[in-house]
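**Student:** Heads up: the sequence lines are chains A and B, in that order.
To convert, take the position in the first sequence, counting from 1, and add 42; that gives my numbering.
So that you can map any letter, position 88 of the second sequence is 68 in my numbering, and since no number is skipped, the others follow by simple counting.
I have a structure here, written as structure tokens, and I will follow up with some questions on it.
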Amino acid sequence: MKIIQVRKIIYGLITALFLFTMGRMGLLNPVTLADGWQRVCRFVGYMFPPRMDILPDILIALLETVEIAFTGTILGFLFSIPLAFFGSKILFSPFVVSVVRLLIGAMRTVPSILYGVIFVIAFGLGKTAGTLGVAAYTIGYLTKLYYEAFEAVDCEVIEAVRSTGCRRLHLFRFAIIPESANTIISQLLFMFEYNIRASAIMGFVGAGGIGYYMLGYIEMLQYQHLFTTLLATLVCVMVIDSISLRVRSKILDTEKK
Amino acid sequence: MSAVLYTKRADRLKKNISHLKADALPERILEAKGVWLRYPSGADVVCDADIQVFRGNITMILGRSGSGKTTLLRGISGIINVSRGSIQWNPDDENCPLPRVAYIPQTLGLVRSMTALENTLIGVLRDVPGFLSLCNIFPASVKDKAKKILTDLGLSGKIDTRVSRLSGGQRQRVAIARALIQDPDLILADEFVSHLDAVTTEEILLMMKNLAETGISFLVTTHDVELAQRFADRVIIMNHGRIVLDDDADNLSCPVLIGLIK
């Protein structure tokens, strides 16, 4: 069979599967879609005009969200660097690497909100639980990104430094960390951006931050309040994203030079 | 190049060869017998290689791409294990301590985000107490030595410049400095000047020649027959993983070398 025919069959199968799942999700039913769309319009209508009198409370909660994201990200980062050191194939035996990767894989399968629930049970309601939840989730992701970055370091740099007879920790400190520094910082900033969003919903399970207010306004049908909260969160996320983007592009520029 | 560095090495060389007769060959620093090297895929890349490197000599390994030059160098440096055969250090004097070997890979293996001085100091990590060096704290004497080597190599104005901002020739010198600070008896260099222009190549190889006169041995891989003819004391030719010639460079002409490589 010709390659073009095989491709056509594959595309056909993917399209059929997509349409099948769309149908199963109720997305091909025009009545459901029309009803839903009408409700969305009504819901948006209830949101206007936003209530600005609650802004001081919202800003305090938003600050708490940023605090949770910042502290959780840094805490996760501090644990992920040594874990990535032990999880790197170029530094440790396959046994050590497998153990670390298994642990990290298990940590990544738990969603951040579930970590929030676990830590609320352990430490009670509030931002302590949220911060630890964000940190646990960050460890799972950053460790994986970091050991992959370490393994991508030019093998000739590794060989040249290793050939001096230095210790493993020296190799890590003087070759692997400096060579992957840009990736380390770039991924850390990306994780911080991501964690701002993750922290925003931590409040849904009582783990502090703006999410607590969002859930409250939804439950009390106070959609104007909710809209103010969403707007404030949006502005905050955009500001942090743009700062992070600038820093990251500066890092990439330095790397090119 | 510093007179002090030269004198120290020249004295060592004199001491090492003092027991040899005037017309005898210099002392051997390395003898490899029947060395076979293979990669994890299982294919033999170097087959039954016999080579010897003499103290204070520049030995150049010539061969086409894929002939096994780099693998042989990596085998000698210990980066890959020898699957068969033996490598003996100081075969003429068994009581002599193991020589110090420095390795310079093809792309030099410098850490681009670090300065020339920091890259040079990497060479002494083995000898500096772990905790201090991890905090990037080195004894003043070690730092002074590194600065002196860099100055001797013509990099006095670039000591605190990041390697990523140095030219190809300057990077080559930093790699040599990192090797020299290890007080090596043998420097292994892979395709050492292949990326440089003719003038810089000439400068670097003259520097290598001067260093060889101080007693340091060089084992260098190259594609360039003419350079080997001009700068090498001995030439080894590899073809399809086997050594087809190991002789004094003076006994060989360019057409002969080209003929053997083909």
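Ideal Cβ placement from N, Cα and C applies to all residues, glycine included.
Please list, in chain order, all residues of the same chain as residue 105/A whose beta carbon is under 8 Å from its beta carbon, the five residues on each side excluded.
**Tutor:** Here the set comprises nothing.
**Student:** Suppose contacts are defined by Cβ-Cβ distances below 7 Å. Is residue 157/A in contact with residue 179/A by that definition?
**Tutor:** Yes, Cβ-Cβ distance for residue 157/A and residue 179/A is below 7 Å.
**Student:** Is the Cβ of residue 93/B closer than 7 Å to any Cβ of chain A?
**Tutor:** By this cut-off, residue 93/B is an interface position.
**Student:** Where does residue 47/A sit, in a helix, a strand or coil, going by DSSP?
**Tutor:** If DSSP states are grouped into helix, strand and coil, residue 47/A belongs with the helices.
**Student:** Compare the C-beta of residue 87/B against all C-beta atoms of chain A and say whether one is closer than 7 Å.
**Tutor:** Yes, residue 87/B counts as interfacial toward chain A.
**Student:** Whole angstroms are fine: how far does the CA of residue 198/B sit from the CA of residue 237/A?
**Tutor:** If I take the Cα positions, the gap works out to 54 Å.
**Student:** Helix, strand or coil: how does DSSP classify residue 38/B here?
**Tutor:** Strand, per DSSP.
**Student:** Using 7 Å as the limit for Cβ to Cβ distance, is residue -6/B near chain A?
**Tutor:** In this prediction, residue -6/B has a pLDDT of 45, which is less than 50 and means its spatial position is unreliable; nothing more can be read from the coordinates.
**Student:** Between which two residues does the beta strand (DSSP E) holding residue 228/B run?
**Tutor:** Counting along the chain, the beta strand (DSSP E) containing residue 228/B begins and ends at 222 to 228.
**Student:** Check whether the Cβ atoms of residue 218/B and residue 49/B lie closer than 7 Å to each other.
**Tutor:** Yes, Cβ-Cβ distance for residue 218/B and residue 49/B is below 7 Å.
**Student:** Taking C-beta pairs closer than 7 Å, name the residues in chain B that residue 206/A reaches, listed in chain order.
**Tutor:** The contacting residues are 102, 103, 105, 106 and 162.
**Student:** Which of the three DSSP states is assigned to residue 88/A in this structure?
**Tutor:** Helix, per DSSP.
**Student:** For residue 53/B versus residue 170/B, is the C-beta distance shorter than 7 Å?
**Tutor:** Result yes, Cβ atoms of residue 53/B and residue 170/B sit closer than 7 Å.
**Student:** Helix, strand or coil: how does DSSP classify residue 19/B here?
**Tutor:** Residue 19/B falls in the coil class under three-state DSSP.
**Student:** Check the DSSP bridge columns for residue 80/A and list the partner residues they point to.
**Tutor:** Beta-bridge pairing links residue 80/A to no other residue.
**Student:** Roughly how many whole angstroms lie between the Cα atoms of residue 142/B and residue 91/B?
**Tutor:** Roughly 9 Å between the two C-alpha positions.
**Student:** Cα-Cα, which of 214/B, 175/B and 223/B is closest to residue 189/B?
**Tutor:** If we check each option's Cα against that of residue 189/B, 214/B comes out closest.
**Student:** From residue 0/B to residue 7/B, what distance separates their C-alpha atoms?
**Tutor:** Because residue 0/B sits at a pLDDT of 40, beneath the cut-off of 50, its placement in the model cannot be relied upon, and the point is left open.
**Student:** Establish whether the CB of residue 202/A and some CB of chain B are separated by less than 7 Å.
**Tutor:** So, interface residue.
**Student:** Among 271/A, 290/A, 283/A and 275/A, which one has its Cα closest to the Cα of residue 226/A?
**Tutor:** Considering only alpha carbons, the answer is 290/A.
**Student:** Just to confirm the assignment, what range does the alpha helix (DSSP H) spanning residue 131/B have?
**Tutor:** Element bounds for residue 131/B: 120 to 132.
**Student:** Quick check for students: name the residue ranges of the alpha helix (DSSP H) that lie wholly in the region 170 to 220 of chain B, counting only runs of 4 or more.
**Tutor:** The qualifying runs are 178 to 193 and 205 to 211.
**Student:** For residue 246/A, collect the residues of the same chain with a Cβ closer than 6 Å to its Cβ; drop the 5 residues on either side in sequence, then sort them by chain order.
**Tutor:** Excluding residues within five positions, the ones whose Cβ falls inside 6 Å are 253 and 257.
**Student:** Based on the DSSP secondary-structure assignment, which residues constitute the bridge partners of residue 43/B?
**Tutor:** BP columns for residue 43/B point to 218/B.
**Student:** Residues of chain B with a CB under 9 Å from the CB of residue 217/A: which are they?
**Tutor:** The contacting residues are 89, 91 and 102.
**Student:** Looking at residue 95/B and residue 140/B, is the spacing between their C-beta atoms short of 7 Å?
**Tutor:** In contact: residue 140/B and residue 95/B (Cβ atoms closer than 7 Å).
**Student:** Give the residues of chain B in contact with residue 126/A, contact being defined as C-beta atoms less than 9 Å apart.
**Tutor:** Residues of chain B passing the Cβ test: none, with the nearest at roughly 17 Å.
**Student:** Helix, strand or coil for residue 63/B per DSSP?
**Tutor:** DSSP places residue 63/B in strand when its eight states are reduced to three.
**Student:** Distance, Cα to Cα, residue 37/B vs residue 241/B?
**Tutor:** One C-alpha to the other measures close to 22 Å.
**Student:** Going along the region 269 to 289 of chain A in order, which residues come within less than 8 Å of chain B, judged by CB to CB distance?
**Tutor:** Cβ contacts with chain B: none found.
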